Structures are given as structure tokens and as C-alpha cells.
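Structure first, commentary second.
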Amino acid sequence: MKISHKRFIAGAHCPACQAIDKIFVYREGDRNIRECVSCGFREAQAFDALSREPETRVTRDHGLNEPQVLRLVDPDAESSSGSD
């Protein structure tokens, strides 16, 4: 089974011992593995090639693609119609 390079994840907390900056991840075959160097916690997650992108404030749909009504106003028509 092929193992990728191990990479530490900055700022990651271990779910078991809550140690910070002690988690490293690597890929083993078709699974992503994360391990803690402090307590030995290990978790494997199957790689899903069709997983969707996580929703963030940047990727969230704010309805910006929906049509919006726009009213154009002629400034000369507004000032001359009711200023007598």
C-alpha cells in the first residue's frame, strides 16, 4: 500500500487529548489518515472523489444570481413634474 508524505496541520487540535499542532495527515491507499504524535490517536477516512466543496462565507450562495428589478429614474423628469 502506498503512503504519501506526512504533513503536520498548523493549529489543528487532537480530538482525543486536545493537544495543538500535534496532528499530522497522510494518505494511505484510498484513505486519508490523521494521527496525533502526543497521544497516538488515529483516524482514517475513506476518500470520496465526489465529495462536494464545504460551504464557507466565500462559496455560500447569497442569491446573487437571481434577477433583480432595477428602476431607472430621469432626474430632469422628477424635478420638473412637481416643483410649481
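Quick note on numbering: the sequence shown equals residues -13 to 70 in the numbering used here.
Ideal placement from N, C-alpha and C gives every residue a C-beta, glycine not left out.
Keep in mind the model is a prediction, meaning the values are calculated, not measured.
Rounded separation between residue i and residue j - CA only
i: Y12; j: E29; result: 11 Å
i: G15; j: P53; result: 46 Å
i: G72; j: H(-9); result: With the chain represented from -13 up to 70, any question about residue 72 goes unanswered, as that position is not in the structure.
i: Q31; j: R57; result: 53 Å
i: P40; j: D60; result: 45 Å
i: R43; j: A63; result: 42 Å
i: I143; j: N51; result: With the chain running from -13 to 70 in the structure shown, residue 143 is simply not present.
i: R(-7); j: P1; result: 17 Å
i: R17; j: I(-11); result: 10 Å
i: A(-2); j: R38; result: 22 Å
Counted within 10 angstroms of its Cβ, other Cβ atoms place residue i as buried (16 or more) or exposed
i: C3; result: exposed
Supposed close pair residue i, residue j - CB separation, criterion 8 Å
i: A5; j: C22; result: 6 Å
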